[in-house]
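Going by our numbering, the sequence shown opens with residue 263, and the numbers climb by one from there.
Reviewing the structure listed below.
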Amino acid sequence: MATGEPILYLNGEYVTAATATVSVEDRGFLFADGCYEVTLVVEGSCLALDRHLARLQRGLGELRIDLDAMSLVPVHRELIERNALGGHRFSSVYVQVTRGVAPRSHAFPADTSPTVLVRAAPIAGPTTATLVGGTRAVTAPDQRWGRVDIKTTGLLPNVLAQQAAVEAGVEDVILHRDGVISEGSHTNVYGAVDGVIVTASADHRILAGVTRGIVLELAAAHGVRIEERNWTLDEMAAAEEVFMSSTTAGVRPIVQVDGQPVGQGTRGPVTELLQQLYGAFVDEQVGR
263 MATGEPILYL NGEYVTAATA TVSVEDRGFL FADGCYEVTL VVEGSCLALD
313 RHLARLQRGL GELRIDLDAM SLVPVHRELI ERNALGGHRF SSVYVQVTRG
363 VAPRSHAFPA DTSPTVLVRA APIAGPTTAT LVGGTRAVTA PDQRWGRVDI
413 KTTGLLPNVL AQQAAVEAGV EDVILHRDGV ISEGSHTNVY GAVDGVIVTA
463 SADHRILAGV TRGIVLELAA AHGVRIEERN WTLDEMAAAE EVFMSSTTAG
513 VRPIVQVDGQ PVGQGTRGPV TELLQQLYGA FVDEQVGR
């Protein structure tokens, strides 16, 4: 039952947010030595939780943090119930796992227990304005580290990139390395070129989003051609459509980049099709 104060899970206990504490010697605080994951909750049901926890498990393995991510499935369900999230259209569950508490030294400590934090709360979710009307973006150099395929808590370059968008008066940012597009600050990015979906390959240079995987699977199943490859700012400038995807925002069109309209400056047919397919997928998964 909900108490009115948010309940979260911390190291095996359910506690209020006001009473939860983490050591100042936690390596997540000192080094951003940890991974995180965010799962969308629709009317109390987790969407693609198995995929999110599989990605978390992979990241923990890359960092050599010993935790069974699937052990957090009942924690998700308990927090949804305790925080009464079934009555909200959209919520999210945030998981953060760090290496734990140890004296400050760069190398991995010999014996630590991971710090595990899980919290759940309502979110605004996508709006008609962004799903139909789209958003605007600026481009910026991708200055993140070389293993962005690991969803670590070290997000300062992402923060700086998104702040650049805010200061430019737009909603999104598209990152690139020497003119080759990677992704957004917290989204995957796609173009539609002659009806073909073009997006960056899922290698160490991008975080392969769970929603990205679902969207590409749905597109392929409906006969839409996909090219996962390097694509450039010049190609994007000539694309008929540009769109993004993320766990909490779904699929949304980008109608302007660096002050110039994308295609006709409105949501295009490929983006609209993918929104319909993804929306049907969500409804099916949550039993609507």
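Where a beta carbon is used, it is the ideal one built from N, C-alpha and C, also for glycine.
{"Check": "C-beta atoms of A399 and V519 nearer than 9 angstroms", "Outcome": "yes"}
{"Check": "Span of the alpha helix (DSSP H) around G321", "Outcome": "311 to 325"}
{"Check": "Environment of L379 [buried if 16+ CB atoms lie within 10 Å]", "Outcome": "buried"}
{"Check": "Contact the stretch 319 to 327 vs the stretch 273 to 286: 3+ CB pairs below 8 angstroms", "Outcome": "no"}
{"Check": "Minimum C-alpha distance to T528 - residue among Q538, Q547, G512, F505", "Outcome": "F505"}
{"Check": "Stretch-stretch touch, CB-based, cutoff 8 angstroms, three pairs: the stretch 388 to 406 with the stretch 297 to 310", "Outcome": "no"}
{"Check": "Helix, strand or coil at Q526 [DSSP, three-state]", "Outcome": "coil"}
{"Check": "Delimiting residues of the alpha helix (DSSP H) encompassing T533", "Outcome": "531 to 547"}
{"Check": "Where D434 sits in the DSSP three-state scheme", "Outcome": "strand"}
{"Check": "Proximity below 9 angstroms, CB of A481 to CB of I459", "Outcome": "yes"}
{"Check": "Among V421, D404, L292, nearest to S367 - alpha-carbon criterion", "Outcome": "L292"}
{"Check": "Close beta carbons around G408, own chain, < 7 angstroms, minus the five adjacent residues each side", "Outcome": "H466"}
{"Check": "Inter-residue spacing [alpha-carbon to alpha-carbon] between S375 and G348", "Outcome": "32 angstroms"}
{"Check": "Those runs of the alpha helix (DSSP H) which lie wholly inside the stretch 466 to 519 and span at least 4 residues", "Outcome": "472 to 483, 495 to 500"}
{"Check": "Span of the beta strand (DSSP E) around L302", "Outcome": "296 to 304"}
{"Check": "From L329, C297, V486, residue whose alpha carbon lies closest to that of G416", "Outcome": "C297"}
{"Check": "Span of the alpha helix (DSSP H), counted from its first residue to its last, around Q358", "Outcome": "Unbroken run through Q358 is the beta strand (DSSP E), 352 to 360; no alpha helix (DSSP H)."}
{"Check": "Bounding residues of the alpha helix (DSSP H) (the contiguous stretch that carries G290)", "Outcome": "289 to 293"}
{"Check": "Cα-Cα separation, M263 to N345", "Outcome": "Confidence at M263 is low in this model, with a pLDDT of 42, below 50, so the placement of that residue is unreliable and no value is reported for it."}
{"Check": "Beta-carbon proximity check, Y356 vs V421, cutoff 9 angstroms", "Outcome": "no"}
{"Check": "Integer-rounded CB distance, given that H438 should sit under 8 angstroms from L495", "Outcome": "6 angstroms"}
{"Check": "Sub-9 angstroms separation of G290 and Q358 beta-carbons", "Outcome": "yes"}
{"Check": "For A264, the three-state DSSP class (helix, strand or coil)", "Outcome": "In this prediction, A264 scores a pLDDT of 48, lower than 50, which makes its location untrustworthy; no coordinate-derived value is stated."}
{"Check": "C-alpha distance - T360 paired with V303, whole-angstrom precision", "Outcome": "23 angstroms"}
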